[in-house]
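Enquirer: Here the protein sequences line up with chains D, Z, F and B, keeping their order.
If you count by my numbering, then the first sequence holds residues 2 to 360, one letter each, in order.
If you count by my numbering, then the second sequence holds residues 2 to 360, one letter each, in order.
If you count by my numbering, then the third sequence holds residues 2 to 360, one letter each, in order.
If you count by my numbering, then the fourth sequence holds residues 2 to 360, one letter each, in order.
Sharing a structure with you now.
4 protein chains.
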Amino acid sequence: MSSTYGKIIKIATFGESHGVGIGVVLEGCPAGIALDTDFIQYELDRRKPGQSRITTQRREADEFEVLSGVFEGKTTGTPIALLIRNQDQRSKDYSHIATQFRPSHADYTYQAKYGLRDYRGGGRSSARETAARVAAGAVAKMILQHAGISVNAYVSQVGKLRLEKTYQEMDLAQTEENAVRCPDPEMAQRMYDYIDETRKKGDSIGGVVTCVIQGTPAGLGEPVFDKLHADLGKAMLSINAVKGFEYGSGFSGVELYGSEHNDAFYTDETGKVRTKTNNSGGILGGISNGEDIYFRVAFKPVATIMQDQDSVNEAGEAVKVQGKGRHDPCVVPRAVPIVEAMAALVIADFYMRHKATQL
Amino acid sequence: MSSTYGKIIKIATFGESHGVGIGVVLEGCPAGIALDTDFIQYELDRRKPGQSRITTQRREADEFEVLSGVFEGKTTGTPIALLIRNQDQRSKDYSHIATQFRPSHADYTYQAKYGLRDYRGGGRSSARETAARVAAGAVAKMILQHAGISVNAYVSQVGKLRLEKTYQEMDLAQTEENAVRCPDPEMAQRMYDYIDETRKKGDSIGGVVTCVIQGTPAGLGEPVFDKLHADLGKAMLSINAVKGFEYGSGFSGVELYGSEHNDAFYTDETGKVRTKTNNSGGILGGISNGEDIYFRVAFKPVATIMQDQDSVNEAGEAVKVQGKGRHDPCVVPRAVPIVEAMAALVIADFYMRHKATQL
Amino acid sequence: MSSTYGKIIKIATFGESHGVGIGVVLEGCPAGIALDTDFIQYELDRRKPGQSRITTQRREADEFEVLSGVFEGKTTGTPIALLIRNQDQRSKDYSHIATQFRPSHADYTYQAKYGLRDYRGGGRSSARETAARVAAGAVAKMILQHAGISVNAYVSQVGKLRLEKTYQEMDLAQTEENAVRCPDPEMAQRMYDYIDETRKKGDSIGGVVTCVIQGTPAGLGEPVFDKLHADLGKAMLSINAVKGFEYGSGFSGVELYGSEHNDAFYTDETGKVRTKTNNSGGILGGISNGEDIYFRVAFKPVATIMQDQDSVNEAGEAVKVQGKGRHDPCVVPRAVPIVEAMAALVIADFYMRHKATQL
Amino acid sequence: MSSTYGKIIKIATFGESHGVGIGVVLEGCPAGIALDTDFIQYELDRRKPGQSRITTQRREADEFEVLSGVFEGKTTGTPIALLIRNQDQRSKDYSHIATQFRPSHADYTYQAKYGLRDYRGGGRSSARETAARVAAGAVAKMILQHAGISVNAYVSQVGKLRLEKTYQEMDLAQTEENAVRCPDPEMAQRMYDYIDETRKKGDSIGGVVTCVIQGTPAGLGEPVFDKLHADLGKAMLSINAVKGFEYGSGFSGVELYGSEHNDAFYTDETGKVRTKTNNSGGILGGISNGEDIYFRVAFKPVATIMQDQDSVNEAGEAVKVQGKGRHDPCVVPRAVPIVEAMAALVIADFYMRHKATQL
């Protein structure tokens, strides 16, 4: 129940941080799509550890194997299984937490729920699981490409450094030009320096990823519970370390009057119904209206820090948890492809679901 | 697919704003619970229109009928169906929008998706549907009572008026003492006046509802996709007018260092593992840790305002949509029981799901 | 979980034999279908009690109310809720079984599962629930009509009286011409007499319903677990009193050699790929091949008989359960529309699901 | 949607006959179960090809790799992924059917549904997929062992050779003593000879597998749609080549009077409520009553035969499909562990689901 996502385009992920590997089974991909394995690898490379000084030093090539669902280079409509084997798993780095609970990690809650846990690197609770999502998301992007829909995310905040420019004021193609994945080069440099300083202090810092979906036709999303933004929100909140989600005007929109917030309709020169403003974030009543969909995702500071911390062990005794292991001082640069992957999966799912509602 | 929510405790709602009525089928309720129909009515009364000068003047008694699932006052384990008939449906108030799209309403997107729509009061897209959720949520609260879990929400922001006190600093029993549902009497009055002024201007304003869940044992929630906060987030984002969700430290947590944000564990005098702070909002890795769960939900200003607005009609022609119909100048006072209802449904669902993971 | 069926066209039923009524919420019906309420009533009338001497004498008009999902006579794409209120509920007829378990009824197993039960007429376990299915099935038939697909069932066996003619050898329009619903008039009369004799003895007898689905395009059904016949089978086995399901050659096919059983392909004059024989029952690998789909459903003799039977009460003491209450001496004549309803729901679901697999 | 089965204990299979391999992700397994990999291999060996002269000569060791979900030999509550790589894939044996449709295979329907297909050995439609089910079923059996529930299947019919003895009259431990998997040694020999003769003729023959589930407590199964036997039926019908399912008295029960068919309750010496007969097959109203559950599954003759057959190619032209490739002359001996696996998965799922219905 818990490792499965989606209704038509459906993924089931498996694997642990320090087990054999990480994988995903993607069901519901239409037949006849040319599977671009280079693109899947490209997306995995965007997420993989060891990309720069400000990401974790764990070394993983994150190469994947296609186990099923493809014949002569094309999807067959049957489940696509992808496997990424773990390589650089220094499990002994974790022996000190075999019986200790790291603060703000899932060690304690997994123990409480299951009575035992794979403590090595957090086991199943590790963000390493998101590699599987990124691989599946790459397939979802291929589906969306057929529909002319694009998904682009970027870092818009690190700690108190908040990018005030909107996505329309920047060239999103710049996102991949720097290690932080912020499309504003000057801000990117400030963020980089800030993260690097944080790293040197043995600490971590939070951030925000903004995501923009363009090219969505009007009509995607389902009324009531499966509103488009509700599923986007769930998908984002399911990513490790996420603490908040807002779309369109979001939390700041609560301060506006209705007369300020409402998006007036007009018909453009091509005869298409458009809105003059987009406080709605491209979604009305849970259904896309054809405008850009955009949202922000808040990530807390990574729980692993290079400092000793107060905690307890399985026996309930007070302990000092040592600051050990490899970690990211700030998760958002690597979170960008994860946010895109989950967004692509949600939109692709609704795109296919929409077909099932049309006579 | 879209009007159903939950995995074990599962609801399916139906009905439109100006049709026969609104209803819900709740499946998965354990047998043997005394169904307190007075309590269901009490919860519906908290949500119903016409409560005060600052809510819509539509008159609905919102009385319900139990259609099934109860025998000799007790739940039988079979589906509980509840029906609330509509009464004060001045449908003719809506004839002017039969072919016009109201800005920031779902008129246009329903038309785009389905090719036709029940335009009367928004039809299925109306927040009237949430009456069904509140009725179901009342049942969920009865289940949670057996588990010693309580759910309490309150208004924490209206426009720019933001309550700075935390929930621990107030008496939540005060929430029902005023029309705004803010447990701080002084702030409640300021909010009330602000909403009333907004109403007189024929405008609307947004707000925030905060919710606190207490008494949850450690272990609820499922890893990976069905994280406890991910499902809470989806449930909240599925409520009409919601634009954002954050739990624990939320968006403000991104500005903290890990060393500031991490919640240190300790063992309390009863031998229970606790955390000294609660930036985690009671959830680690998607699973409850036994601390209070708390979150904030952002509501946009109501789209209906008493002002003429630019828009288009079904033919794509520019029109002025008249400011007509009855509406709430600010939705958050009535949203409080809705937020509680959805939270109760999510927690009850995870409470029952958890049992299914234990050998 | 248990009162919901389908993936896209999805129904949730509710209600008990002697409660307020029986109902259904049908989700996923495409928008724009003219809802023929006369047809729904016609189908309900085919299932309703009191049709002839060989059906139960309970008097129920089985009139229904449309609670939602329809606007100006057309479906809107939102949930369609239908309610049938109970009328002739002589609940006191059941007081003798308040603490006794009727043999081969669900009294004991509901008690074991839930710790309490609505004993009146079997409560939720009563076949009265199937009225809701028939109403929903009528809507499914309207969807199928748009696709040129028809569903026709008939009684092919009562006790040892087995109709040897195939469906191609009879005029299925004759099915409704007699009380037994057997399209062979001579056999119908023999079956009628047999059932009536059984009734006079205070006994009951089993039977078989055969169903034929025509006009299905090739390609419906999903590989592996959701094979078209697997879902048809589950749907049929979910009907009260059903003990078996077989499609195409069924159980008798096991006696054939592959060289006898295989259906050779050919291309007909219109260029369509056809099979010369149809042992496959119109389904290959779980996917329709465009030939007629046909299957047989076995119904046990009704458990209620007008004879005293050995049993135990809730305390485990030996008792004689009296032969009381109203019942059908043979369920298959009234089961015909139920089988059709469930078949129509399954096919309509796959018809809409198929769209979601096409790019 | 189509490669996933179950609600709590949930499997997703992947893989093709002549691709990289076959695999399964099993979710919902409780934590703390010692994973007996030898037992998984034992079950796979029971299903694997090349066991005797009467099974296909394809050589597959069917060794598996545990990819996730296990730590220090115990299940962790997270998804268990198992991978079986293909070895003996003589894909060129299938080049002759690259554009031809084999009679009574799924070649044509996959082509119609997806517009392309992996023709090698049937691709995804091959019964090789059931290796994944058997591996998952072995895990399900480990769960059931904790509950004291056993699942045993055997061959009860091959062609016209039908075993008249009931399961109580035989020693089911004998089932594995012969290549046919019939617990009656004398009948087993007759069946063996009959299959071998059929093989020599280049033909195939159908059969029936009977399955018995013992030790189930009263209360498993869900009312209405997810009746225990309805899900068992769907699971069985999802197995390749299955044409029918009946439980308890099944199709033969339709010939009985209610007075003959009803199972009288009594209380045994231990105070347990029992039934004197078991025409109900251990299930009343879709819920287990504590008696043995038993059912029969009909398998058609294997579609691959060593004879030339009439068919058409993708262009619709008449062709002779050659009798080539390796195949089983009768599928039931190898189907025994598959039937057990699916039954174990269904029962384990209901066993865990039942917990979620108890307060």
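Idealized CB from N, CA, C, for every residue including glycine.
Nothing here was measured: the structure is a model prediction, and the numbers come from that model.
Between Val340/D and Met237/D, which are expected to be in contact by the criterion C-beta below 8 Å, what is the C-beta distance as a whole number of angstroms?
Expert: The beta-carbon distance between Val340/D and Met237/D, rounded to whole angstroms, is 7 Å. This is short enough to meet the 8 Å contact definition.
Enquirer: Are the region 155–170 of chain D and the region 198–209 of chain D in contact at 8 Å, needing three or more beta carbon pairs?
Expert: yes
Enquirer: Which stretch, first to last residue, makes up the beta strand (DSSP E) that contains Tyr267/Z?
Expert: First-last of the beta strand (DSSP E) with Tyr267/Z: Phe266 to Thr268.
Enquirer: By how many angstroms is the C-alpha of Phe246/Z removed from the C-alpha of His262/Z?
Expert: 19 Å
Enquirer: Please list, in chain order, the chain D residues whose beta carbon lies closer than 7 Å to that of Thr56/B.
Expert: Chain D residues near Thr56/B: none, gap ~24 Å exceeds 7 Å.
Enquirer: Cβ of Gln146/B less than 8 Å from any chain Z Cβ?
Expert: no
Enquirer: Could you pull out every residue in the same chain whose Cβ sits closer than 8 Å to the Cβ of Ile150/B, ignoring the five residues on either side in sequence?
Expert: Ile214, Gln215, Gly216, Thr217, Ile348 and Tyr352
Enquirer: Residues of chain B with a CB under 7 Å from the CB of Ile9/Z: which are they?
Expert: Those within 7 Å of Ile9/Z in chain B are Ala357.
Enquirer: Taking C-alpha atoms, which residue in Ile98/F, Gly70/F, Ser127/F and Gly234/F lies nearest to Leu83/F?
Expert: Gly70/F
Enquirer: Pick out whichever of Ile34/B, Asp293/B, Ile81/B and Ile288/B has its Cα sitting closest to the Cα of Lys228/B.
Expert: Ile288/B
Enquirer: Cutting at 7 Å between CB atoms, please list the residues of its own chain near Arg59/D, excluding the five before and the five after it.
Expert: Pro50, Gly51, Asp89 and Arg327
Enquirer: From Gly16/Z to Lys277/D, what distance separates their C-alpha atoms?
Expert: 32 Å
Enquirer: Between the region 115–127 of chain B and the region 91–98 of chain B, are three or more C-beta pairs nearer than 8 Å?
Expert: yes
Enquirer: Just to confirm, is the Cβ distance from Ile284/B to Gly222/B under 8 Å?
Expert: yes
Enquirer: Could you please give the first and the last residue of the uninterrupted beta strand (DSSP E) stretch that includes Ala242/Z?
Expert: Per DSSP, Ala242/Z belongs to no beta strand (DSSP E) and is neither H nor E.
Enquirer: From the beta carbon of Leu360/B, is the nearest beta carbon of chain D less than 8 Å away?
Expert: no
Enquirer: What residues of chain B sit near Arg125/F, judged by a beta carbon separation below 8 Å?
Expert: Within chain B, the residues near Arg125/F are Pro224 and Val225.
Enquirer: Using beta-carbon positions only, say whether Lys11/F and Arg354/F come within less than 8 Å of one another.
Expert: no
Enquirer: For Thr276/F, name the three-state secondary structure that DSSP assigns.
Expert: Three-state DSSP puts Thr276/F in a strand.
Enquirer: Helix, strand or coil, according to DSSP, for Ala357/B in the structure here?
Expert: coil
Enquirer: According to DSSP, is Val333/Z part of a helix, a strand, or is it coil?
Expert: DSSP places Val333/Z in helix when its eight states are reduced to three.
Enquirer: Against chain Z, does Arg354/B count as a neighbour if the rule is that its beta carbon must be under 8 Å from one of theirs?
Expert: Chain Z, which has a Cβ nearer than 8 Å to the Cβ of Arg354/B, makes this yes.
Enquirer: Keeping to the same chain, check which residues put their C-beta closer than 7 Å to that of Lys166/D; ignore five residues upstream and five downstream.
Expert: Asp185
Enquirer: For Phe296/F versus Cys212/F, is the C-beta distance shorter than 8 Å?
Expert: For Phe296/F and Cys212/F, yes; Cβs fall inside 8 Å.
Enquirer: Could you pull out every residue in the same chain whose Cβ sits closer than 6 Å to the Cβ of Ala265/B, ignoring the five residues on either side in sequence?
Expert: Lys277
Enquirer: Give me, in chain order, the residues of the same chain whose beta-carbon lies closer than 7 Å to that of Lys325/F; leave out the 5 immediate sequence neighbours on both sides.
Expert: Asp94 and His97
Enquirer: Where does the unbroken beta strand (DSSP E) through Leu84/Z begin, and where does it stop?
Expert: Unbroken beta strand (DSSP E) run through Leu84/Z: Ile81 to Arg86.
Enquirer: If the criterion is Cβ atoms closer than 8 Å, does the pair Gly220/Z and Lys244/D meet it?
Expert: A distance of 8 Å or more separates the beta carbons of Gly220/Z and Lys244/D.
Enquirer: Identify whether Val210/Z lies in helix, strand or coil by the three-state DSSP scheme.
Expert: Note: Val210/Z maps to strand in three-state DSSP.
Enquirer: Tell me which same chain residues have a C-beta within less than 6 Å of the C-beta of His230/Z, skipping the five on either side of it?
Expert: Tyr248 and Ile284
Enquirer: With 16 other CB atoms within 10 Å as the buried threshold, where does Gly138/F fall?
Expert: Flag for Gly138/F reads buried.
Enquirer: Under 8 Å by Cβ, that's how I've got Tyr109/D and Val274/Z pegged, so tell me the actual separation to the nearest angstrom.
Expert: The Cβ separation is near 6 Å, so the contact holds.
Enquirer: On the three-state DSSP scale, how would you describe Val156/B?
Expert: strand
Enquirer: Using 8 Å as the limit for Cβ to Cβ distance, is Gly20/D near chain Z?
Expert: no
Enquirer: Using a threshold of 8 Å, state whether the C-beta atoms of Val337/B and Ala99/B are closer than that.
Expert: no
Enquirer: So, is Lys201/B buried or exposed, given that buried needs 16 or more other C-beta atoms within 10 angstroms?
Expert: exposed
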